[in-house]
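Asks: Attaching a single structure in structure tokens format; questions to follow.
Residue numbers (this note's numbering): 457 to 948.
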């Protein structure tokens with residue numbers, strides 16, 4: 457059941473219930489002892505879905521099969537164990553139909569993971585006294601300032617609020633610029649004037665009052681960093697983060713320099729076909745502009761782990777703990793945070809045009825992983841890879857959610873039949889087929905598994921579907937993942 461993209465969904469790392477995962481396919485040990493190779497083989501043959509049905513076996517899947525299912529030409533993985541990169545491996549092609557393979561050195565767009573890495577640079581400037589976490593950013597901005605309004609009379613936009621998405625700013629994300637299209641300056645992006653293709657970044661809530669994801673806020677931070685230092689952003693990032701952490705493959709240069717194009721993956725749409733011009737350019741570098749590899753991002757995650765433990769020469773333990781402490785809605789400074797105690801973890805997701813990626817690491821146990829893909833179908837694949845890594849390495853989280861189905865009378869299922877409008881012109885049909893309630897979305901057949909007479913789940917997009925009824929007992933609409941309301945068309 458096709459769903460509109462959601463910033464929150466793209467940010468979310470898999471957080472399944474603490475239940476036992478299905479038994480994975482056993483891979484025979486090679487003739488010569490190779491523990492690392494055996495573990496890699498189990499991971500790449502043990503991909504797990506987000507939902508499994510209690511009592512039903514679900515064979516773990518090989519990565520090649522899932523890549524084909526999700527129309528993802530290439531994927532690259534790095535696994536952290538014992539506080540170091542245990543292994544890195546890549547699969548598939550740089551571009552669909554090409555013989556050029558993805559390698560561990562292949563560059564992918566990190567998309568919103570760029571925010572996490574940029575946050576480390578901003579916090580290093582804070583530690584040097586160049587920036588302040590709690591100063592009004594307008595006191596330092598020169599070429600552009602956050603427009604004041606009634607909402608900023610008492611509370612101001614600060615760096616701390618920009619990093620935690622609590623500054624009250626608009627513009628959640630950016631679409632990038634296709635090859636041959638004029639690329640705006642940062643100020644043009646912030647004001648939403650041509651050739652910018654996004655709205656102006658403005659204050660829409662009292663700063664500090666709520667959490668609202670804002671790539672626009674990180675673009676304000678980008679300008680703040682460059683104007684406070686007088687340095688171009690890619691150069692600043694190389695000095696403050698990329699070189700000190702040994703992220704030698706990475707760059708924030710936009711567009712990617714011609715000399716590095718051969719090492720870059722091509723972006724692909726949801727149909728698995730290359731996008732025009734291979735990839736989009738993102739002048740919003742802090743928000744979406746990092747080109748990198750899973751191994752380089754693993755080095756970033758390891759540095760945060762070391763910093764929290766007081767073992768980093770790049771960032772103090774006190775500042776690292778600020779990064780990994782929740783401000784609002786499970787978000788710290790530039791990082792998404794999950795759980796508490798020994799299972800506490802941090803990470804981020806990324807979604808640019810044709811690139812999807814995830815990174816996650818535990819704060820205390822020296823474990824983690826990064827998955828980068830070169831297609832719009834890559835987010836589900838990345839989550840399945842993370843679950844396989846989690847099972848192989850005994851992680852306390854990232855497990856499939858086990859759901860239990862119930863028997864529902866055929867008459868109760870038949871009463872839910874009808875046509876439901878997901879969005880203007882996008883109608884799905886729900887009908888009883890044999891003993892199963894099935895949704896038809898174009899040529900997709902999606903079986904709905906009952907948890908009650910009105911609550912169902914499906915395994916294609918791993919969503920929850922709830923039907924609502926009127927006073928007469930007839931269905932009025934359905935709700936997908938508590939977000940997407942689809943009214944039942946009259947007369948059905």
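By construction, the Cβ of each residue, glycine as well, lies at the ideal position given by its N, Cα and C atoms. Just so we're clear, the structure is a prediction, and the values are computed from it rather than from any experiment.
To the nearest angstrom, report how far apart residue 866 and residue 837 are at their CA atoms.
Replies: Along the chain shown, one-based indexing puts residue 866 at 410. Along the chain shown, one-based indexing puts residue 837 at 381. Cα to Cα, the separation comes out at about 35 angstroms.
Asks: Since I believe residue 723 is in contact with residue 738 (beta carbons under 8 angstroms), could you give me their beta-carbon distance rounded to a whole number of angstroms?
Replies: As a first step, residue 738 is located in the chain shown; it is residue number 282 there, counting from the start. As a first step, residue 723 is located in the chain shown; it is residue number 267 there, counting from the start. No, residue 738 and residue 723 are not in contact; Cβ-Cβ is about 12 angstroms, not under 8 angstroms.
Asks: Classify residue 477: buried if its beta carbon has 16 or more other beta carbons within 10 angstroms, exposed otherwise.
Replies: Along the chain shown, one-based indexing puts residue 477 at 21. Residue confidence is low: residue 477 scores 39 on pLDDT, short of 50, so the model does not pin down where it sits. Its coordinate-derived value is still stated next. Under this definition residue 477 is a buried residue.
Asks: Could you tell me the alpha carbon to alpha carbon distance between residue 625 and residue 706, rounded to whole angstroms?
Replies: Sequence index remark: in the chain shown, residue 625 carries index 169 (1-based). Sequence index remark: in the chain shown, residue 706 carries index 250 (1-based). Taking the CA atoms as reference points, residue 625 sits about 29 angstroms from residue 706.
Asks: Taking 8 angstroms as the threshold (C-beta atoms), are residue 895 and residue 886 in contact?
Replies: In the chain shown, residue 886 corresponds to position 430, counting from 1. In the chain shown, residue 895 corresponds to position 439, counting from 1. A contact, by the Cβ cut-off of 8 angstroms.
Asks: Relative to the C-alpha of residue 928, which residue among 871, 856, 938 is closest?
Replies: Here residue 928 refers to the residue found at position 472 when the chain shown is read from its first residue. Closest by alpha carbon: 871.
Asks: Give the DSSP-derived three-state secondary structure of residue 808 in the structure shown.
Replies: Residue mapping note: residue 808 aligns to position 352 of the chain shown, counting from 1. Residue 808: strand per DSSP, three-state reduction.
Asks: Going straight from the alpha carbon of residue 569 to that of residue 792, what length do you get?
Replies: In the chain shown, the residue the question calls residue 569 occupies position 113. In the chain shown, the residue the question calls residue 792 occupies position 336. One C-alpha to the other measures close to 10 angstroms.
Asks: Report the residue from 522, 492, 781, 510 whose alpha carbon sits nearest the alpha carbon of residue 501.
Replies: Here residue 501 is taken as the residue at index 45 of the chain shown, counted from 1. Measuring from the Cα of residue 501, the nearest candidate turns out to be 522.
Asks: Does the Cβ-Cβ distance between residue 848 and residue 499 come in under 8 angstroms?
Replies: Counted from its first residue, the chain shown places residue 848 at position 392. Counted from its first residue, the chain shown places residue 499 at position 43. Yes, Cβ-Cβ distance for residue 848 and residue 499 is below 8 angstroms.
Asks: Pick from 862, 764, 868: whose alpha carbon is nearest that of residue 817?
Replies: Position 361 of the chain shown holds residue 817. The candidate whose alpha carbon is nearest that of residue 817 is 764.
Asks: Taking the continuous beta strand (DSSP E) assigned at residue 913, which residues delimit it?
Replies: Against the chain shown, residue 913 aligns to sequence position 457. Looking at the DSSP string, the run of the beta strand (DSSP E) that includes residue 913 is 911–913.
Asks: Applying the 10 Å Cβ sphere with the 16-neighbour rule, what's the burial state of residue 474?
Replies: By 1-based counting over the chain shown, the position of residue 474 is 18. For residue 474, the predicted structure reports a pLDDT of 32, less than 50, and the residue's modelled location is therefore unreliable. A value from the coordinates is still provided. The residue is exposed, with fewer than 16 neighbouring Cβ atoms inside 10 Å.
Asks: Taking C-beta to C-beta, are residue 600 and residue 692 nearer than 8 angstroms?
Replies: For the purposes of this step, residue 600 is taken as the residue at position 144 of the chain shown. For the purposes of this step, residue 692 is taken as the residue at position 236 of the chain shown. Their beta carbons are not under 8 angstroms apart, which means residue 600 does not touch residue 692 by this criterion.
Asks: Excluding the 5 residues preceding and the 5 following residue 605 in the sequence, name in chain order all residues of the same chain whose CB lies nearer than 8 angstroms to its CB.
Replies: Translated into the one-based positions of the chain shown, residue 605 becomes position 149. So the qualifying residues of the chain are 658, 659.
Asks: Mind the definition here: the stretch 698–713 touches the stretch 539–550 only if three or more C-beta pairs lie below 8 angstroms; say whether that holds.
Replies: no
Asks: Starting from residue 516, follow the alpha helix (DSSP H) in both directions and report where the run begins and ends.
Replies: Stepping through the chain shown from its first residue, residue 516 is reached at position 60. Unbroken run through residue 516: none, as it is neither H nor E.
Asks: Could you compute how far the alpha carbon of residue 767 sits from the alpha carbon of residue 630?
Replies: The residue labelled residue 767 in the question sits at position 311 within the chain shown. The residue labelled residue 630 in the question sits at position 174 within the chain shown. Computed Cα separation, rounded: 36 angstroms.
Asks: Based on DSSP bridge pairs, tell me the residues matched to residue 879.
Replies: In the chain shown, the residue the question calls residue 879 occupies position 423. Per DSSP, 882.
Asks: With a threshold of 16 other CB atoms inside 10 Å of the CB of residue 863, please say whether the residue is buried or exposed.
Replies: Counted from its first residue, the chain shown places residue 863 at position 407. Looking at its Cβ environment, which holds fewer than 16 other Cβ atoms inside 10 Å, residue 863 is exposed.
Asks: Do you know whose CA, among 591, 805, 893, 902, lies nearest residue 910's CA?
Replies: The residue given as residue 910 occupies position 454 in the chain shown. Nearest C-alpha to residue 910: 893.
Asks: For residue 787 and residue 746, which I take to be in contact (beta-carbon distance under 8 angstroms), what is that distance rounded to the nearest angstrom?
Replies: Looking up residue 787 in the chain shown gives position 331. Looking up residue 746 in the chain shown gives position 290. That belief does not hold up - the Cβ atoms of residue 787 and residue 746 are roughly 19 angstroms apart, past 8 angstroms.
Asks: Hey, residue 564 and residue 721 are a contact pair by Cβ (cut 8 angstroms); roughly how many whole angstroms apart?
Replies: In the chain shown, counting from the first residue as 1, residue 564 sits at position 108. In the chain shown, counting from the first residue as 1, residue 721 sits at position 265. Going by Cβ atoms, the distance from residue 564 to residue 721 rounds to 5 angstroms, so yes, they are a contact pair.
Asks: Could you tell me whether the stretch 549–562 touches the stretch 508–515, using the rule of 3 or more Cβ pairs below 8 angstroms?
Replies: no
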